[in-house]
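Taking it in order: structure first as structure tokens, then the write-up.
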């Protein structure tokens, strides 16, 4: 969230009083009555003038810095100074297998699928159009099936959602400052195809294609690169080299043709079952295109938000297009793949448990709906296009999946019904909603720490009738047992677990069946040994493992439930050593087990004239 | 109207002046002189008080992103933009200098220079960077024994991917910032507290294990003395109260400003001859009783450079003020 600079006092009354005091101190105005109607009106006008101009000065000052600017144009401009290009609208991408069947005896040796071949898919009552952005080739198998493949041999063809648009410019006198603006705030700048033709009448096939400067490895005076930037009104400006330092400059009389997609953003995510819009013509004959959706559409996104730009631009600047520190990995990966990712965390292998040197670990939290195949593709892409190019030689990248630690929250609050018309039951539900919202807003990402006092403070402020509150916190890890087989399981928690207690169980579990007996796991009172007990407290297995408080682990041995009651996973709950702060390590993410969320109102009429 | 003029020869001067008399009808000057003074007083008010004065702030807009001139509160905003997670310039002795250096600093990330600049900028300390992999014992190449100073790989300090930082700060002081800004992810790092330059007069004495040697490196020759100090006597700096399996923290004195010609001369000394001198000081001091003129070796006069030593004679308790020099 942006902070603001308050440079001058913007309270009207204060300004007026200061003006009055200032004038009173002047010899020539000392005897004036500043409270008189005429003089007071005059002071009002001048104070308003000061107030108004002070406000403008404040706006100008605040717009001068990335952290305080409120206008998108200012934030984008400051980000540009740091070398950061905010994300534009992003097209949702689906991966499809595309083939055609040719049964003629004489078959062509190879066929091509042209750029711009379209496919459609519907979500609800809206149809989205996807298209290829490259040309793909296919050769026949023995049955006459032509399956199109990428240059790397993969049959997984990416198709991008959006309406294709073309904007044409004619290059004027080069002495003039040339400005090429794409008048489309929703353009996906990653789909830009920039071609320059010799003259207005030249064939498109003779065009020289320019590449994005962000992909440049070396630049020479005849290198063909363009840059793209968001301009103050949200459109996009394309800039070319100057013929010296940033590559070739289009000549006067050239024609520039820019083709791009205008996508629907996230609305097209999850589009599945794509079908080809038309047949493919080969040697004058139309053949139906067989299309199998391998991966549903994902990655569609709106423009990057102001807050996101504010956060990412300085980190990207610090990274300087290299991967040295762990934060560099986070910045580079998130800035390039943020349409697929909710969050990224990286840490050096020296901080891993166990340590693994010459390795950087990367945890990726993908957005909802990203398929396993696409997740793997993105990981491969990160390695091939990012870490292999930019990381320190011999340092490898390893990906780890997020590990979710669930919190079981039990909130108690004293409630005075005389102070509100809302019932205790309704307030309990409101408290539960607040807790769930707190987790949505503040947790569920890497490195987000649960701080109990912050949440309790919000509960206290929720309603005047809530007099005070307290909260019990348990941490929970889950695993899926192999039913009917006695196996060992090790669970790691991101924090230390409380030491054994003589009165309260530190470790508990949900219920499961052993044979036909409903039972659960708990620690033996005063001990870190784990036992299995039935509902009546009878011990069925007196040693099923142990827990180690200091390092926050549970080791189960010979555990073989026959089924889990009302669930598929065993939930192992533990009282943390410190319930006030639960800090996730590395790739842990803190979430809430909403099924075990309890809010309990305790009626308190604040009566003191009674006996206990 | 009060206008402060600060001409630093850096930017075009901007002379604000009251336009009240120019803008009001001429007859106001004669018919309503008090009103004119009143308006002038109002403009003076706007220029007089930073709290209610938009004029000052508008004036600041010219230089608000000029690192050299912008007020500290705005410099903090610039640093927050350039310094990633750094919120203001409080970490730096000279925040303006540091703000100018961010770009270069980031671009050299991954190099020794970046680590050196990090410690200078954030902690105003010099750091010595070593790669313990050079001291790993290699079968078939290195000799076995304490004299070889080779260590078996331990998957911590003595391995291929480790960095040793010698700096006059506890690791806890810089660990998080160092990892955030310069540390190559995946490398083990260990810090050694260097007490050179930190030692104060007469606060410890040294035992006998003093040695002197010459390091002749590409970057420049160094004369080095290492001695062990009693742990407890250095605890105010190192936090170490006792030494369990060693003789205590190493006090290391280095002289890097030695002329290569002199080094060449000293390299002709035999080990036995070098061992007569306890440390750099005894070697270079013109009045050192340890120096043996009979060796008849051309001996450079270091006397004029003696003051440049990075340690005081009192650092070496062995040579306290009562010692014969």
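Residue numbers (my numbering), protein chains in the order written: chain Z, 1 to 612; chain F, 613 to 937.
For every residue, glycine included, the Cβ atom is placed at its ideal position computed from N, Cα and C.
Residue i versus residue j: straight-line alpha-carbon distance, rounded
i: residue 388 (chain Z); j: residue 473 (chain Z); result: 43 Å
i: residue 471 (chain Z); j: residue 702 (chain F); result: 38 Å
i: residue 67 (chain Z); j: residue 586 (chain Z); result: 28 Å
i: residue 43 (chain Z); j: residue 336 (chain Z); result: 56 Å
i: residue 692 (chain Z); j: residue 591 (chain Z); result: Nothing can be reported for residue 692 (chain Z): it is not among the residues displayed for chain Z, which extend from 1 to 612.
i: residue 54 (chain Z); j: residue 10 (chain Z); result: 7 Å
i: residue 890 (chain F); j: residue 689 (chain F); result: Bear in mind that the predicted position of residue 890 (chain F) carries a pLDDT of just 49, short of 50, making it unreliable; the figure below should be weighed with that in mind. Approximately 53 Å between the Cα atoms of the pair.
i: residue 651 (chain F); j: residue 635 (chain F); result: 11 Å
i: residue 385 (chain Z); j: residue 328 (chain Z); result: 15 Å
i: residue 723 (chain F); j: residue 234 (chain Z); result: 39 Å
i: residue 373 (chain Z); j: residue 294 (chain Z); result: 9 Å
i: residue 456 (chain Z); j: residue 355 (chain Z); result: 37 Å
i: residue 598 (chain Z); j: residue 410 (chain Z); result: 5 Å
i: residue 217 (chain Z); j: residue 733 (chain F); result: 32 Å
i: residue 390 (chain Z); j: residue 382 (chain Z); result: 11 Å
i: residue 459 (chain Z); j: residue 440 (chain Z); result: 16 Å
i: residue 122 (chain Z); j: residue 128 (chain Z); result: 6 Å
i: residue 532 (chain Z); j: residue 544 (chain Z); result: 7 Å
i: residue 644 (chain F); j: residue 633 (chain F); result: 11 Å
i: residue 902 (chain F); j: residue 551 (chain Z); result: Residue placement at residue 902 (chain F) is poorly supported in this model, since its pLDDT is 40, which falls under 50; the coordinates still yield a value, given next. Going by the C-alpha atoms only, they are around 57 Å apart.
i: residue 637 (chain F); j: residue 630 (chain F); result: 15 Å
i: residue 47 (chain Z); j: residue 671 (chain F); result: 20 Å
i: residue 236 (chain Z); j: residue 207 (chain Z); result: 22 Å
Where the beta strand (DSSP E) containing residue i begins and where it ends
i: residue 84 (chain Z); result: It is not in any beta strand (DSSP E) - residue 84 (chain Z) carries neither H nor E in the DSSP assignment.
i: residue 297 (chain Z); result: 290-298
i: residue 45 (chain Z); result: That residue, residue 45 (chain Z), is in no beta strand (DSSP E); its alpha helix (DSSP H) goes 37-62.
i: residue 638 (chain F); result: Taken as a continuous stretch (DSSP letters only), residue 638 (chain F) belongs to no beta strand (DSSP E), being part of the alpha helix (DSSP H) at 638-643.
i: residue 468 (chain Z); result: 466-479
i: residue 749 (chain F); result: Note, residue 749 (chain F): premise wrong, no beta strand (DSSP E); not H, not E.
i: residue 602 (chain Z); result: 598-603
i: residue 460 (chain Z); result: No beta strand (DSSP E) holds residue 460 (chain Z); the alpha helix (DSSP H) holding it covers 452-460.
i: residue 281 (chain Z); result: 280-282
i: residue 512 (chain Z); result: 512-514
Where the alpha helix (DSSP H) containing residue i begins and where it ends
i: residue 729 (chain F); result: 724-735
i: residue 330 (chain Z); result: 326-337
i: residue 613 (chain Z); result: With chain Z running from 1 to 612 in the structure shown, residue 613 (chain Z) is simply not present.
i: residue 435 (chain Z); result: 424-442
i: residue 316 (chain Z); result: 306-319
i: residue 605 (chain F); result: Limits of chain F in this structure are 613 at one end and 937 at the other, which puts residue 605 (chain F) out of reach.
*If you measure beta-carbon to beta-carbon, which residues of the segment 776-807 of chain F are closer than 9 Å to chain Z?*
791, 792, 793, 794, 795, 796, 797, 798, 799, 800 and 801
*Mind pulling the alpha helix (DSSP H) runs of 4 or more residues that sit fully within the segment 662-719 of chain F?*
666-673, 684-694 and 707-719
*Name the residues in the segment 16-35 of chain Z whose C-beta lies less than 8 Å from a C-beta of chain F; which are they?*
18, 19, 22, 23, 26, 28 and 29
*Closer than 9 Å, Cβ to Cβ, to anything on chain F: give me those residues from the segment 393-419 of chain Z, in chain order.*
394, 395 and 396
*Taking the runs of the beta strand (DSSP E) that are 3 residues or longer, which of them lie wholly in the segment 99-168 of chain Z?*
111-113, 118-123, 126-131, 136-138, 145-147 and 157-161
*So does the segment 87-96 of chain Z actually touch the segment 148-162 of chain Z, counting three or more Cβ pairs closer than 8 Å?*
yes
_Selection of the segment 711-725 of chain F by Cβ proximity to chain Z, strictly under 7 Å_ = 718, 719, 721 and 722
_Three-pair Cβ contact test at 8 Å for the segment 774-786 of chain F versus the segment 705-713 of chain F_ = no
_Within 8 Å, do at least three Cβ pairs link the segment 500-511 of chain Z to the segment 570-587 of chain Z?_
yes
*asked:* To be precise: take each residue of the segment 322-335 of chain Z, compare its Cβ to all Cβ atoms of chain A, and keep it if any distance is under 9 Å. Which residues remain?
replied: Going by chain labels, chain A is absent from the structure shown, which instead holds the protein chains Z and F.
_Beta carbons nearer than 9 Å to chain F: which residues of the segment 291-315 of chain Z have them?_
313, 314 and 315
*Please specify which runs of the beta strand (DSSP E), each continuous and at least 3 residues long, are wholly inside the segment 523-590 of chain Z, giving them in chain order.*
529-534, 539-548, 553-559 and 570-574
*Below 7 Å between beta carbons is the criterion; list the residues of the segment 349-366 of chain Z that meet it against any residue of chain F, in chain order.*
349, 350, 357, 358, 359 and 360
*Give, in chain order, every unbroken run of the beta strand (DSSP E) that is at least 3 residues long and sits entirely within the segment 357-422 of chain Z.*
359-366, 396-400 and 403-415
*Contact between the segment 281-291 of chain Z and the segment 74-83 of chain Z: three or more CB pairs below 8 Å?*
no
*asked:* Closer than 8 Å is the cut-off here; do at least three beta carbon pairs connect the segment 563-570 of chain Z with the segment 392-399 of chain Z?
replied: no
*Can we say the segment 236-248 of chain Z touches the segment 264-279 of chain Z, given the rule of at least three CB pairs closer than 8 Å?*
no
*Entirely within the segment 191-253 of chain Z and at least 3 residues each: give me those beta strand (DSSP E) ranges in chain order.*
208-212, 225-230 and 236-240
_Interfacial residues, the segment 541-565 of chain Z to chain F, with Cβ spacing under 7 Å_ = none
*Mind the definition here: the segment 339-347 of chain Z touches the segment 359-372 of chain Z only if three or more C-beta pairs lie below 8 Å; say whether that holds.*
yes
_Against chain F: residues of the segment 64-93 of chain Z by CB proximity under 9 Å_ = 64, 65, 66, 67, 68, 78, 81 and 82
*asked:* So, does the segment 198-210 of chain Z touch the segment 253-261 of chain Z, judging by three or more C-beta pairs under 8 Å?
replied: yes
_Taking beta-carbon pairs under 9 Å, can you tell me which members of the segment 670-687 of chain F lie near chain Z?_
670, 672, 673, 676, 677, 685 and 686
*Only counting runs of 3 or more residues, tell me where the beta strand (DSSP E) segments fall wholly within the segment 757-808 of chain F, in order along the chain.*
774-779 and 800-805
_Selection of the segment 627-642 of chain F by Cβ proximity to chain Z, strictly under 8 Å_ = none
_Three or more C-beta pairs below 8 Å linking the segment 98-115 of chain Z and the segment 126-142 of chain Z_ = yes
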